Amino acid sequence: MLNVNILNAFEDNYIFLLECSKTAEIAVVDPGDADVVIKALNGRELDKILLTHHHYDHVGGVDRLCEIYNCDVYGYKGDKHRLPSVTHWVDDGDLLKVGDRSAKVIFVPGHTLGHVSYYFAGDEALFCGDTLFVGGCGRLFEGSAEDMFNSLVKYKSLALSAKVYCAHEYTLSNYEFALKMFPDDRSVLEAKKRAIALRAKGLPTVPTTLGNEALSNVFYRAKTVEDLARLRCAKDKF
């Protein structure tokens with residue numbers, strides 16, 4: 042089994058500490074802040090770092106963690122010029138392991154042109170970086186709306202029950218935008234109520250599931266590239 046510990050970083054980032062329950066091997070996804078990870082490890086060793094993309098709030102802690110733990114670092118092979126600390130280059134469809142748990146690499150350009158996700162099918166756990174959010178999708182810094190649309194389509198072949206571990210707590214803002222666009226959408230209204238209740242308790246809205254996003258995420262529900270482009274453009278101005 043893959044145990045996932047959600048770590049808070051910066052204002053709204055999440056870092057994910059993964060541990061294989063059988064082998065005790067530990068990996069971290071997108072460690073933007075080394076101190077947060079070191080504290081959570083509490084004396085344990087870190088074996089692997091999995092990077093979804095090159096933005097600093099996702100990679101800022103990598104060099105320090107490598108100095109302390111001498112761990113392997115995985116990143117997308119097309120971003121060699123932007124991920125200098127990577128020791129193992131991955132591409133779409135590649136498999137990697139954390140202990141005895143296997144993850145498939147999914148290439149998902151859009152937010153950046155070198156973005157990947159990691160899907161642990163046996164644990165139904167998707168680590169999607171800044172591609173899919175609870176109620177939203179990533180801003181298109183480098184890719185096009187077509188890139189993002191096609192990337193989201195890839196997720197739709199995964200289990201609806203798959204847990205989605207996205208890297209930011211943008212949920213309430215995403216639902217507020219969705220309700221501006223679709224004020225009578227019952228699925229979004231109900232999802233927003235659940236999110237408000239979680240945040241009132243100081244809890245993250247992450248993970249969600251792909252099934253929940255299929256119901257209440259207006260970006261994930263977009264039928265065409267044009268629909269997604271209109272939503273993304275409107276959200277950028279929201």
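According to the numbering used here, the sequence shown is numbered sequentially starting from 42.
Think of the CB as a built atom: it goes at the ideal place given N, C-alpha and C, for glycine as much as any other residue.
Note that the coordinates shown come from a computational prediction; the quantities given were computed from them, not determined experimentally.
I'd like to confirm the pairing. Which residues does DSSP put opposite residue i in its beta bridges?
i, result
"Asn-54", "Ala-50 and His-209"
"Ser-143", "Lys-138"
"Lys-264", "For Lys-264, which the question treats as bridged, DSSP gives no partner whatsoever."
"Gly-116", "Trp-130"
"Leu-43", "Cys-61"
"Ser-158", "Ile-147"
"Val-70", "Phe-57 and Leu-91"
"Ala-166", "Phe-161 and Lys-204"
Within 10 angstroms of its Cβ, does residue i collect 16 or more other Cβ (buried), or is it exposed?
i, result
"Leu-58", "buried"
"Cys-169", "buried"
"His-122", "exposed"
"Ser-198", "exposed"
"Arg-142", "buried"
"Pro-248", "buried"
"Lys-278", "exposed"
"Ala-65", "exposed"
"Pro-72", "buried"
"Leu-201", "exposed"
"Lys-242", "exposed"
"Ala-275", "exposed"
"Glu-60", "buried"
"Thr-128", "exposed"
By alpha-carbon positions, which one of the options ends up nearest to residue i?
i, options, result
"Val-70", "Ile-109, Tyr-97 and Tyr-159", "Tyr-159"
"Ile-67", "Leu-87, Val-229 and Leu-91", "Leu-87"
"Phe-161", "Arg-273, Leu-137 and Ala-270", "Leu-137"
"His-209", "Tyr-110, Ala-65 and Gly-179", "Gly-179"
"Thr-93", "Phe-223, Glu-108 and Pro-150", "Pro-150"
"Asn-253", "Cys-274, Gly-177 and Pro-125", "Gly-177"
"Val-100", "Leu-124, Leu-251, Ala-166 and Val-77", "Leu-124"
"Asp-104", "Asn-83, Glu-217 and Asp-74", "Asp-74"
"Ser-62", "Ile-79, Met-42, Phe-51 and Tyr-55", "Met-42"
"His-96", "Val-146, Leu-154 and Lys-242", "Leu-154"
"Val-175", "Glu-187, Asn-215 and Asp-76", "Asn-215"
"Glu-187", "Leu-213, Val-78, Asp-133 and Lys-264", "Lys-264"
"Leu-173", "Ala-241, Tyr-261, Leu-48 and Gly-163", "Tyr-261"
"Asn-46", "Gly-119, Glu-217 and Ala-81", "Ala-81"
"Lys-145", "Glu-165, Phe-182 and Phe-223", "Glu-165"
"Val-266", "Asn-111, Gly-116 and Met-189", "Met-189"
"Cys-112", "Glu-217, Arg-271, Asn-49 and Arg-85", "Arg-85"
"Asp-133", "Val-139, Lys-89 and His-156", "His-156"
"Ile-109", "Ile-90, Leu-220, Lys-118 and Asp-268", "Ile-90"
Starting from the N-terminal side, write out each stretch of the alpha helix (DSSP H) that is 4 residues or longer and does not extend beyond the region 168-252. Taking only runs of at least 4 residues, the alpha helix (DSSP H) segments lying wholly in the region 168-252 are 186-196, 212-222 and 227-241.
Whole alpha helix (DSSP H) runs in the region 75-99 with 4 or more residues, listed along the chain? Those alpha helix (DSSP H) runs which fall completely within the region 75-99 and span 4+ residues are 75-82.
For the structure I just gave you, are there three or more beta carbon pairs, one from the region 191-207 and one from the region 224-238, closer than 8 Å? Short answer: they don't touch.
Check whether the region 251-265 touches the region 223-231, taking contact to mean three or more Cβ pairs, one atom from each stretch, closer than 8 Å. Pairwise C-beta distances place the region 251-265 in contact with the region 223-231, as three or more of them are shorter than 8 Å.
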